[in-house]
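The block underneath contains the structure these notes are about, expressed in structure tokens.
In the numbering used here, the protein residues as written are 2 to 688.
Set out below in structure tokens:
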């Protein structure tokens, strides 16, 4: 067998096996430059080396994977020019560029990392020196104007003019995003849904990724891109495609902790760098196989040591989504921005915002849960101290954005900029993925999205003119539960922790009613419920007193509702003595409003329950809350009308019943007639 190496980019278009076939079947080839090697082909090269006839060379290479995850040659790493690119794994870079450097790989072969090869290719004379007189060589690379470019056809050396090569270069090369999408398909075919869910991996569909990339275009000839939790790096690939004609130099940093996906990222970005080079854009990249949070959490707090950190023009991500235990290293590293059991996606967003340059943009797709609630309040403080929202997109369907991954979650795409200049926010909506190109668009002031002067910093997303009017109307109300002397709490009975006290039927005189979510209907408490599989009684004993409430007047609400339900809040008045016994139990999936220093009056309970069930309050919560959960914190922050107005609503409901509840409330609150009509027209179809 004759001495030969393989230029996989030229002979085999990336298929190393084809290169081996060429070695076997084309007798006229004496030697071929070994270049354009991709990282994943290196192990195949090692396996192929024993089959090469090195014509008396003193040794074949002994190649091993070093602790730093870089391929190296133990015989030549000290004598050859070996300088791996920082942060890159699995590279051989000009490992055998000298003619006689110890006999490694035979003196007729040359290795060259494809990311560092000469832009204009090697001349025939250079190849003859490097390959010790090789008779047949091939180089597939761009050439300087007027230079003949060597090429291989059927094993014979052919010289082509520059004009001929230009025609060949006009043949479309696979785009980076198509390459990444193909890599995604191959990975998903080998990774189970359970494995991906365990890692919080919910990959961005190509249509959504393209929409996000369109939001991420910066101004400037040199662009730095960050993608944490990169997966197959499809977001970065799409951004790079859109920078053609805009940027001259692109620097990319991606973070991917999963070993297989990190390798996929390297392949995708290697291809992307090649593709950008063909479009006259210089590109460097690093794939960090590190935990993004642990490596960068220190940047969440201002420090002199962080002033010289790398900053980015674009940070784009579909971050992982899963809850962290309180003692998780990542939760501890970001302790000052988390509360309760944090979700990792919010920590990703906060760090991304802190790593932006001035006027840099971040684009994310995440659950909408960060927009409201006490658990995310500290996160919102950090986020909006660094960036301001510029564009927000909502999907009408809760599962369409990640249909293939069967995710039931309301998702939001947000573009935010590192600036303190308050610009209008573009809000777009689509039913799902397929109509992203035809989404509705509107513009609202930043103050209508987030009140930067408020403590809560809740994010409201008004998608229609009716939403705007509802926000303005409700924000004019002067009261809250606190100013009215009221409080909201969560039912204290956690069923699985209190099983010894729960009963299906009363066993004597020591059991009292236990209300569950299904007992609470709109303006009505129905207890007991026939055929219920829940234990509807709880023991009234000394050791269960801490779980019980006095049988008094409350407004009881479901904490959870389906997004598709008629109303987001389902509330009912519970009057003193309505249920038997001196005490009652409320299960943990219920909230209740009470007066800590005194009692709710009959009219107050009726009026407040009616108001919470109304179309206008329902619309307000849907603007500000994408969750199916209505938290106690959100109820505490809810603006309310004056106490006398609430009592007046209660008296009207008491006289006229609940059938015309929205009309009664509209009249009592002086809701403009056209707004009341719009609310009545959308209330039954609201999703």
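Where a beta carbon is used, it is the ideal one built from N, C-alpha and C, also for glycine.
In this text, all values refer to a predicted model and were calculated from it rather than measured experimentally.
Whole-number beta carbon distance between residue j and residue i, since they are thought to touch under 8 Å
i           : j           : result
residue 573 : residue 521 : 5 Å
residue 356 : residue 300 : 6 Å
residue 349 : residue 303 : Residue 349 to residue 303, Cβ: 19 Å. No contact.
residue 272 : residue 180 : 5 Å
residue 647 : residue 666 : Their Cβ separation, rounded to whole angstroms, is 10 Å, which puts residue 647 and residue 666 out of contact at 8 Å.
residue 316 : residue 353 : 4 Å
residue 338 : residue 412 : Actually they are not in contact, since the Cβ atoms of residue 338 and residue 412 sit about 22 Å apart, beyond 8 Å.
residue 670 : residue 642 : 6 Å
residue 668 : residue 616 : Rounded, the Cβ-Cβ distance is 13 Å, inconsistent with contact.
residue 518 : residue 561 : 7 Å
residue 188 : residue 262 : 7 Å
residue 558 : residue 571 : 7 Å
residue 174 : residue 276 : 6 Å
residue 464 : residue 428 : 6 Å
residue 384 : residue 351 : 6 Å
Whether residue i touches residue j by CB criterion (8 Å)
i           : j           : result
residue 636 : residue 588 : no
residue 444 : residue 425 : yes
residue 633 : residue 592 : yes
residue 206 : residue 269 : no
residue 447 : residue 594 : no
residue 492 : residue 598 : no
residue 369 : residue 340 : no
residue 288 : residue 251 : no
residue 700 : residue 524 : It is not possible to answer for residue 700, since the shown part of the chain is limited to 2 through 688.
residue 654 : residue 608 : yes
residue 216 : residue 422 : no
residue 274 : residue 266 : no
residue 325 : residue 336 : no
Residue burial classification, residue i (beta-carbon count within 10 angstroms, cutoff 16)
i           : result
residue 537 : buried
residue 510 : exposed
residue 431 : buried
residue 130 : Note on residue 130: pLDDT 42, under 50, position unreliable in the model; the coordinate value appears next. By the 10 Å Cβ count, residue 130 comes out exposed.
residue 473 : exposed
residue 313 : buried
residue 681 : exposed
residue 371 : buried
residue 238 : buried
residue 660 : exposed
residue 533 : exposed
residue 439 : exposed
residue 347 : buried
residue 530 : exposed
residue 590 : buried
residue 548 : buried
residue 508 : exposed
residue 264 : buried
residue 185 : buried
residue 37  : A caution first: residue 37 carries a pLDDT of 44, below 50, which makes its placement in the model unreliable, though a value can still be read off. Residue 37 is buried by the Cβ-count criterion.
residue 279 : exposed
residue 482 : buried
Element boundaries [alpha helix (DSSP H), containing residue i]
i           : result
residue 384 : 378–387
residue 269 : 260–279
residue 462 : First-last for residue 462: undefined, no H or E at that position.
residue 350 : 345–355
residue 613 : 603–613
residue 491 : That residue, residue 491, is in no alpha helix (DSSP H); its beta strand (DSSP E) goes 488–491.
residue 213 : 207–215
residue 444 : No alpha helix (DSSP H) holds residue 444; the beta strand (DSSP E) holding it covers 441–445.
Start-to-end residues for the beta strand (DSSP E) that takes in residue i
i           : result
residue 594 : 591–595
residue 585 : 584–587
residue 317 : 313–318
residue 551 : 549–551
residue 248 : Premise fails: residue 248 is in no beta strand (DSSP E) and is neither H nor E.
residue 417 : 412–418
residue 431 : 426–431
residue 332 : Not the beta strand (DSSP E): residue 332 falls in the alpha helix (DSSP H), residues 330–334.
residue 285 : 283–289
residue 224 : 223–229
Check: residue i C-beta below 7 Å from any heavy atom of the ligand ATP
i           : result
residue 561 : The ligand ATP is not part of this structure, which contains no ligands at all.
Taking 8 Å as the threshold, find out whether the segment 244–261 comes into contact with the segment 224–236 through three or more Cβ pairs. As far as the Cβ criterion goes, the segment 244–261 touches the segment 224–236, which means the pair count is three or higher.
Does the segment 373–393 come close enough to the segment 449–465 that 3 or more CB-CB pairs lie under 8 Å? Three or more pairs of CB atoms, one per stretch, sit closer than 8 Å, so the segment 449–465 contacts the segment 373–393.
Whether or not the segment 373–390 and the segment 415–426 are in contact is what I'm after, with contact meaning three or more pairs of Cβ atoms, one per stretch, closer than 8 Å; do they touch? yes
Using 8 Å as the cut-off, can you tell me whether the segment 475–488 makes contact with the segment 619–638, which would need three or more C-beta pairs spanning the two stretches below that distance? As far as the Cβ criterion goes, the segment 475–488 touches the segment 619–638, which means the pair count is three or higher.
Touching or not, the segment 358–375 and the segment 214–221, by the rule of three or more beta carbon pairs under 8 Å? yes
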